[in-house]
Every structure is written in C-alpha cells, then in structure tokens.
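A.B. asks:
Residue numbers (this note's numbering): -7 to 273.
#1: Just to check my reading of the structure: residue 91 and residue 104 have Cβ atoms closer than 8 Å, yes? What is that Cβ distance to the nearest angstrom?
#2: Express the C-alpha separation of residue 192 and residue 82 in angstroms, rounding to a whole number.
#3: Three-state secondary structure (DSSP) at residue 217?
#4: So which of 60, 212, 259 and 156 has the shortest CA-CA distance to residue 85?
#5: Apart from the five residues just before and just after residue 72, which ones in its own chain have a Cβ nearer than 7 Å to its Cβ?
#6: Residue 202 and residue 152 - do their beta-carbons sit closer together than 8 Å?
#7: If you reduce the DSSP assignment to three classes, tell me which class residue 105 lands in.
#8: Between residue 56 and the ligand SAM, is there a pair consisting of the residue's CB and a ligand heavy atom that are separated by less than 7 Å?
#9: Check this for me: beta carbons of residue 111 and residue 205, under 8 Å apart or not?
#10: Need the endpoints of the beta strand (DSSP E) that residue 258 sits in, please.
#11: If distances are taken between C-alpha atoms only, which option among 147, 174, 266 and 171 comes closest to residue 162?
#12: Looking only at its chain, what residues have a beta carbon closer than 8 Å to the beta carbon of residue 149, apart from the 5 residues adjacent to it on each side?
#13: Quick one: what's got a C-beta closer than 7 Å to residue 196's C-beta in the same chain, skipping five residues either side?
#14: Where does residue 231 land, buried or exposed, given buried means 16+ other C-beta within 10 angstroms?
#15: Does DSSP put residue 179 in a helix, in a strand, or in coil?
#16: Measure the alpha-carbon distance for residue 154 versus residue 47 and round it to whole angstroms.
#17: Give me the Cα-Cα distance between residue 27 and residue 43, rounded to the nearest whole angstrom.
#18: What residues are listed by DSSP as bridge partners for residue 58?
#19: Helix or strand or just coil, what does DSSP make of residue 42?
#20: Span of the alpha helix (DSSP H) holding residue 154?
#21: From the DSSP secondary-structure annotation, give me the bridge partner or partners of residue 79.
#22: Whole angstroms are fine: how far does the CA of residue 258 sit from the CA of residue 214?
#23: For residue 58, which residues of its own chain have a beta-carbon under 6 Å away from its beta-carbon, when the five flanking residues on both sides are left out?
#24: Just list the residues that DSSP pairs residue 112 with in beta bridges.
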C-alpha cells in the first residue's frame, strides 16, 4: 500500500515538474515574441525604379545592379512582374545603375547620387538586342524626389569641405538650408558652445541630431554632443568637416525619426574608398 502511494506521489511530482517547465518555457517564448523591434533611423539611401521596354510595357525578371563608383560596392536585385525594383540601404555616394535581360541591350546610367535618408528613382528603358552592345545614359537623374514628401536640404562632401566656415564647424553650414533661422554666432548657456538654431519656428532645443543613424543628443540641453560644450567648459569632441560625407537637414520627416518637433540633422561620416585622400592645412 505504501509502495503504491509512493509511486503515485513520484508520478504526480514528475508531472508537476514537467508542467512547471512547460509554463516557464511558454513564458520565456512569449517575452521573446513580444519584444519590440528597435528600428534605427536610416543614414543610408535607396534606389527604386521601373524597367520598361520600348513600348512602355514592364520587363519582369531583369537584373538590376547598383555599383558604388567610389568603393566598388555592388548590390543586385530582380525586377518584379510589374517591372519595379528596389535596392535599399545603400551607403551614400555616386552609383552606376545597370540593367541586363536576355534579348535586350544592356543599359547603364552613371552618376546616380544616393543621399542620406533619400530615395532616388531611376527608370530604365530596354531596347531589343540586335548585336552585342551596351547603351550608356549620361543624363543627370533629377534631384527632386518624386516618391516621398520629405522637405529639407542636403550638403554633400565637396560642399562641406569647400564652403568657407568659421572654426571648421559643420553646424554653421546648417544655416544654408531653407527654414533655418538664428545667428550662427548665437551662444547657449555653456561658455564654449557653438550656438543654437531653430527650424520652421520650433525651439532651438527641439532638434534631433543623428550621427550615422545613431542618437547624439545631449540629454541635459538637447543639443548635439559633438561640437558642443557640456554644462561648462569647451567641446570635448570635435567632428572635423573632412570627416563629413553628407549633412542632411530634414524639416518634414518620416515618423521613423520622431522624438522632436523641430528638424532632424542627419550626419553621415565618410567610409573608405579605393583611393588615398587627404587635405593639407
């Protein structure tokens, strides 16, 4: 009698332990499943477009390649049934976009500028292949985006380096964008700060600063942590203008940025290329 009772107790204890392990496993799985996805603000660009033939009919299954002219980075995709294609998350810089399809001539378009957090549209038209040949289109791609309603301006590397600027401070170049007001020599409550500015009438501390897609806002005054002083003293970190690939000021931005009511200052630093570069003071 006691042996039966003992065996029954062991089985009951084992079942309870198994049930407990199952419940804990489900709880952990639920936590993993419901963890929100953290989306970083984009500091890259994208190229989209449509591949058509001479009759303006879509060309599905065409291979579209975007190649960075500075680094040689190449990204490839295939056009869908409607002839549309998209190549997202491209580092900023000039690209050559080419499309190949059996039975058609290869078409390429050079000097397609991909800007930070921007979508560049490149539509390509294929002609029937007669002999083996490549058609190169040298016309400039319009810089006005037709696929999004973001307002603002972008300064590229050559402008950042060649425009005269006091103290080689990139923040002075922000005043070249429309909607930016305030004096470039305006100071804040910190003696060594470079100054503040406002965009579209918002407060000077209502701007959101991003460096390569990451937050670089001072939690105390909501100013940039780079090229700005702390509560007292002089700036601890200086971003040289030679390191800036693009500087974009977005005054009407997508919901993915959020955080502030002012503007988004999205800075992208340079990456390595296949050539040596440098400046001498």
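All residues carry an ideal CB built from backbone N, CA and C; glycine is no exception. Keep in mind the model is a prediction, meaning the values are calculated, not measured.
C.D. replies: If we stick to the structure as given:
#1: At roughly 12 Å, the Cβ-Cβ gap does not stay under 8 Å, so residue 91 and residue 104 are not in contact.
#2: 30 Å
#3: coil
#4: 60
#5: 52
#6: no
#7: strand
#8: Ligands in the displayed structure: none, and consequently the ligand SAM is not present.
#9: no
#10: 256 to 261
#11: 147
#12: 236, 237, 238 and 262
#13: 174, 188, 189 and 190
#14: buried
#15: Residue placement at residue 179 is poorly supported in this model, since its pLDDT is 49, which falls under 50; the coordinates still yield a value, given next. Three-state result, residue 179: coil.
#16: 45 Å
#17: Low confidence applies here, because residue 27 scores a pLDDT of 38, under 50, leaving its location unreliable and the question unanswered by this model.
#18: 67 and 89
#19: strand
#20: 149 to 154
#21: 39
#22: 15 Å
#23: 39, 67, 79, 87 and 89
#24: 39
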